[in-house]
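Under UniProt numbering, the first residue of the sequence shown carries the number 1, and numbering increases by one thereafter. Even for Gly, the Cβ is constructed at its ideal location relative to N, Cα and C.
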Amino acid sequence: MPEKVDIHLTTASSQIVYAPIRFKKKDIKRIAYGTKMVPCQIRFHEKPTLLISQDLATALSFPKSKVTLHLFVKDHVLYIGPLVGIFTAGFTSSMLRPVAQRSLFFAKLLTSAKEKGCSAFIFRHSDLDFTEGTVTGYFYGRNGWIKHKVPFPNVIYDRLPNRKIEKDNTLLKVKEKLQKEYDIPWFNPTFFNKWDTYQSLGNLESRWLLPTRLFSTPSDLKVMLSSYGHVYVKPIHGSLGKGMFVIEATSEGYHCESKDLGQNKVFSSFQKLINFLKKHKLTQPYIIQKKMSLLSYNNSPFDFRVHTNRNEDGKWEVTAIAIKVSGEDAITTHLRNGGYVKRLEDVFKDRAKEVEKKITEAALTLSKHLQKTLDGTIGEIGFDFGMDTNEELYLFEANSRPGRSIFKYPILHEQDVKTRQMPYAFAIFLMKESLKRTEAVIL
Numbered sequence: 001m002p003e004k005v006d007i008h009l010t011t012a013s014s015q016i017v018y019a020p021i022r023f024k025k026k027d028i029k030r031i032a033y034g035t036k037m038v039p040c041q042i043r044f045h046e047k048p049t050l051l052i053s054q055d056l057a058t059a060l061s062f063p064k065s066k067v068t069l070h071l072f073v074k075d076h077v078l079y080i081g082p083l084v085g086i087f088t089a090g091f092t093s094s095m096l097r098p099v100a101q102r103s104l105f106f107a108k109l110l111t112s113a114k115e116k117g118c119s120a121f122i123f124r125h126s127d128l129d130f131t132e133g134t135v136t137g138y139f140y141g142r143n144g145w146i147k148h149k150v151p152f153p154n155v156i157y158d159r160l161p162n163r164k165i166e167k168d169n170t171l172l173k174v175k176e177k178l179q180k181e182y183d184i185p186w187f188n189p190t191f192f193n194k195w196d197t198y199q200s201l202g203n204l205e206s207r208w209l210l211p212t213r214l215f216s217t218p219s220d221l222k223v224m225l226s227s228y229g230h231v232y233v234k235p236i237h238g239s240l241g242k243g244m245f246v247i248e249a250t251s252e253g254y255h256c257e258s259k260d261l262g263q264n265k266v267f268s269s270f271q272k273l274i275n276f277l278k279k280h281k282l283t284q285p286y287i288i289q290k291k292m293s294l295l296s297y298n299n300s301p302f303d304f305r306v307h308t309n310r311n312e313d314g315k316w317e318v319t320a321i322a323i324k325v326s327g328e329d330a331i332t333t334h335l336r337n338g339g340y341v342k343r344l345e346d347v348f349k350d351r352a353k354e355v356e357k358k359i360t361e362a363a364l365t366l367s368k369h370l371q372k373t374l375d376g377t378i379g380e381i382g383f384d385f386g387m388d389t390n391e392e393l394y395l396f397e398a399n400s401r402p403g404r405s406i407f408k409y410p411i412l413h414e415q416d417v418k419t420r421q422m423p424y425a426f427a428i429f430l431m432k433e434s435l436k437r438t439e440a441v442i443l
């Protein structure tokens, strides 16, 4: 495990670094921050701190205030970090709210970096200077938001806000260049596709999967309704229940619910249902999934939101479990539809540990499998699980950039803090791994 130390600036001569005496046998000749490396003269002291001269700090584009970071040593180089860049979009011209309504979320996220011994900033593609190998990052501190030019980061955490922006050609080229030419680890690089996720898991972990079919032709819907009677029709790139239909075959015909359309419809024939869906269904592909009879709390159905993250050792952990109870007449449990949050112990009482064990097994198994089978490096996942009246657990969907609406409830404060810290724990792991590769680019 790398050492975590307080780092101060001194007025010592230009290339002097004072390191804790435990590093004396390392024969350190250079010092690196992000992807910037410069020669140094190492001295040792008994204090558990690292002292860097003002001149070295300037050469490294290092912060002017005290910070606590990790120290890594390899091939006579002392690496300070991780320096974590959080890639996003949707910036404004205001330094009070540089990313509009998401500014508070990012302020909290950046504050959590300090608690894990990392330095972090947010940036957009236009903040990069490939000639200098620097990026103008947005940092958050006691005095609010500031911009500071730093070297390219050791690790990049992808927090692009939506799928449309993610597909922008300019952004795709930037992501490819930083990963391939600079060998910078980049995690959670893309939103999950519901169908790809289902197919990936279906090869191994079908016990937690609901019967699901790609909606290619009307016959796909007819087969699913004939088999199960009650189904969800979901966009494969959707989230928050947007674009979803709930369809039931009854003696009266076909009942269709849609939150987006704000109405329930009954169709006397299957063809009329199809005509309606063709008129209102979005152009993107859909899946059809068997609808569950969910367990209820106070006569309202509920499901589970589960967060998993990888830690400093690259191992998966369950970092949050919450129960989402649906609002009145809502077709999903999403909180913006009037739902609310409860803890396992609120609903299951003395059986909470038993249910937690069942959920944890499923979430960790699925996380490991998705990590192995989907493209890119995955560091966090949000799962939505349902439990039927037989208390069998089923996966509704998995998200690579899970929403955080459950954490507005004070009962989940500890989980809120932990899930904000864990991306930095994983960044420490990724930096350790990148230093094992000789091809890592240092400018």
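Beta bridge pairing from DSSP links K149 with T136. Between A320 and T419 a beta carbon distance of about 5 Å is seen, short of the 8 Å cut, so the two are scored as contacting. Following the DSSP letters along the chain, one finds K324 inside the beta strand (DSSP E) bounded by residues 316-325.
Bounds of the beta strand (DSSP E) holding L78 are 77-81. Taking a C-beta distance under 9 Å as the contact criterion, V17 and I52 qualify as a contact pair. Following the DSSP letters along the chain, one finds F276 inside the alpha helix (DSSP H) bounded by residues 270-280. Exposure of T389 is indicated by the presence of fewer than 16 other C-beta atoms within 10 angstroms of its C-beta.
Taking the Cα of T49 as reference, the smallest distance to any Cα among L9, E391, T58 is reached at L9. The criterion of a C-beta distance shorter than 9 Å is not satisfied by R343 and M422.
K265 is positioned such that its CB atom lies no closer than 9 Å to that of M244. The beta carbon of L110 lies closer than 8 Å to those of I86, A120, F121, I122, F139, Y140 in the same chain, with the five residues before and after it left out. Excluding its 5 nearest sequence neighbours in each direction, L430 has C-beta neighbours in its own chain below 6 Å: V155, P185, listed in chain order. A Cβ-Cβ separation of about 11 Å leaves G386 out of contact with R305 under the 8 Å criterion. The segment 247-257 and the segment 230-237 touch, with no fewer than 3 CB-CB distances between them shorter than 8 Å. The distance from the Cβ of S400 to that of F191 is about 6 Å, consistent with a contact at the 8 Å cut-off. In the three-state reduction of the DSSP assignment, E414 falls in the helix class. Membership of L395 in the beta strand (DSSP E) is indicated by the continuous run 393-399.
Spatial neighbours of G339 in its own chain (CB-CB distance under 6 Å, excluding positions within 5 residues in sequence) are listed in chain order as K324, V325, S326, G327, T333. With at least 16 other beta carbons inside 10 angstroms of its own, R124 counts as buried. Looking from the CA of I21, the closest CA among E3, R30, Y297 belongs to E3.
K47 and D6 have their C-alpha atoms roughly 10 Å apart. With a threshold of 16 other beta carbon atoms within 10 Å, S206 falls short and is exposed. Counting only unbroken stretches of 3 or more residues, the beta strand (DSSP E) elements lying wholly within the segment 338-402 are 340-342, 380-387, 393-399, in sequence order.
Pairing T212 with I288 gives a Cβ-Cβ distance under 9 Å.
By the C-beta density criterion, S296 is exposed, having fewer than 16 other C-beta atoms within 10 angstroms.
By the beta-carbon neighbour count (other beta carbons within 10 angstroms, threshold 16), T35 is buried. Remark: C-beta atoms of A427 and F152 do not approach each other more closely than 9 Å. When beta bridges are read from the DSSP output, T49 appears opposite D6.
K64 and S367 have their C-alpha atoms roughly 40 Å apart. Sixteen is the threshold: when 16 or more other Cβ atoms of the shown chains lie within 10 Å of the Cβ of T377, as they do, the residue is buried. Under the three-state reduction of DSSP output, V223 falls in the helix class. For Y198, the enclosing alpha helix (DSSP H) stretches over residues 194-202. The Cβ neighbour count for L370, taken over all protein chains shown within 10 Å, is at least 16; the residue is labelled buried. In the three-state reduction of the DSSP assignment, I406 falls in the helix class. Closest by C-alpha distance to E391, out of G379, Y424, T365, E356, is E356.
Comparing alpha carbon positions, the residue from K242, I31, D416, Q415 closest to T58 is I31.
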